[in-house]
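Residue numbers (our numbering): 687 to 774.
Heads up, the beta-carbon is just placed ideally off N, CA and C, and yes, glycines get one too.
In structure tokens:
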């Protein structure tokens, strides 16, 4: 029942920040990993564990970048340099 509730809660979800997305992905993957482990689906459990670890690593990297202020250096967040007039 818990999974159905989560699907209903997220049906209208819009993508938020990268941190929010990764936290959500990590939570869902962990839940799936726990389900596959309980049923002893070893290969699925392994693959989901790898996805969980990857999401955790990326979250850790984003938090480190945020703490060091290097997120502003991301090419997607850079502002275009100011344009100069036609005078030389």
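For residue 754, the enclosing alpha helix (DSSP H) begins and ends at 728 to 754. Going by C-alpha positions, residue 723 is about 10 Å away from residue 735. Here residue 706 carries a helix assignment [DSSP, helix/strand/coil].
In this structure, DSSP gives residue 717 a helical state, which the three-state scheme calls helix.
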